[in-house]
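First the structure, in the form of structure tokens, and then the observations on it.
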Amino acid sequence: MAFTTLQSTFFLLTFAATFSVLLNSCHGFYPKLINASLAASEYGWSPAGATWYGSPTGAGSDGGSCGYGDGVARAPFSSLVSAGGPSLYKSGKGCGACYEVKCTSNSACSGKPATVVITDECPGCVSESTHFDLSGTSFGAMAKSGQAENLRDAGVLQIQYRKVECNYPGTTIAFHIDSGSNPSYFATLIEYEDGDGELASVDLKQALDTDSWQPMKQSWGAVWKLDAGSRLRAPFSIRLTSLDSGNTIVATSVIPAGWEPGKTYRSVVNFKV
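Residues -28 to -1, 1 to 245 in mature numbering (1 follows the signal peptide of the UniProt record, and there is no 0) are what the sequence shown spells out, letter by letter.
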């Protein structure tokens, strides 16, 4: 009986130790996923299709339909961007979201992830439920060293992807005032949001109204607008609510009195600062 008990105890200890090793091996370093709704694929990847467009070593387009302009080629985007099919672009609400992409389906694939930002729309990318039309730079970033050109020659790839938090160290949120803005109509491109990358809502508070926030509407891409119908009083504070986490931050008096269309005003806040 004592021997049987000893056997049972040894078995239980061995099982616990083995389970612990397996559990820990599944919890290595991964980029932080965006929220609990992605828990089903937290340590895995989902399938998608991938193509590329534009210059082989470029940023895909000069800005694309999110409105980021030539900033897509500069830091912090640095040409590591992508146009998204409908499920990624989300009628513009997907602008600014970050994803890891990787491939193993071609001999030139490294199998290592590259992080890309949605900056454009690919309305015809509907052959799969999820499709990335990557910049040439992003597509090549999935290749083994020295194999980027060979990978781009493959044309269409089956890849894996997962959504991750955006991370722009030392970068705060910027507001580029739309050229059509005037004293009673205010529109701004919002850039470089850490965390979700996407925005659920944007609200504006005028200088003379210390209590009331006025909701802005998505104009197109990453541009949000407020058509007040009467003269707006700057400076403006802008409140941002992220799409997935629901986190909220306020850029207080970020748009100064005497603001001008076409200028960019940088805040001192970000979701992860």
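Where a beta carbon is used, it is the ideal one built from N, C-alpha and C, also for glycine.
Residues near Tyr237 by beta carbon distance below 6 Å, same chain, minus five either side: Correct list, in chain order: Phe147, Val226 and Ile227.
Through-space distance from Asp166 to Asp175, alpha-carbon basis: When the Cα atoms are used, Asp175 and Asp166 turn out to be separated by approximately 18 Å.
Assigned exposure category for residue 248 - 16 Cβ within 10 Å defines buried: This structure does not reach residue 248, given that the chain is present from -28 up to 245, and the question cannot be answered.
Helix, strand or coil at Asn154 according to DSSP, with G and I counted as helix: DSSP, read as helix, strand or coil, puts Asn154 in strand.
Rounded Cβ spacing between Ala223 and Gly68 (contact assumed at less than 8 Å): Taking a contact as a CB-CB distance under 8 Å, the pair Ala223 and Gly68 does not count as one, their CB atoms being some 16 Å apart.
Host alpha helix (DSSP H) of Glu121 (start-end): In the DSSP assignment, Glu121 falls within the unbroken alpha helix (DSSP H) covering Ala120 to Arg124.
Residues of its chain near Pro207, where Cβ-Cβ distance is below 7 Å and the 5 sequence neighbours each way are ignored: Ala179, Ser225, Ile227, Pro228 and Ala229.
Ile145 versus Gly32, Leu204, Pro48 and Ala200, residue with shortest Cα-Cα distance: Check the Cα spacing between Ile145 and each of Gly32, Leu204, Pro48 and Ala200: the tightest is with Pro48.
C-alpha gap between Ser209 and Gly218, whole angstroms: Distance from the CA of Ser209 to the CA of Gly218, rounded to the nearest whole angstrom, comes to 19 Å.
Length of the line joining the Cα atoms of Ala55 and Ser107: Going by the C-alpha atoms only, they are around 8 Å apart.
Under 8 Å between C-beta atoms of residue 277 and Ile131: Absent from the structure is residue 277, since the part of the chain shown begins at -28 and ends at 245.
Assigned secondary structure, Ser9 (DSSP; H/G/I helix, E/B strand, else coil): Its pLDDT being 39, under 50, Ser9 is placed unreliably by the model, and the measurement read from it follows with that caveat. Here Ser9 sits in helix by DSSP.
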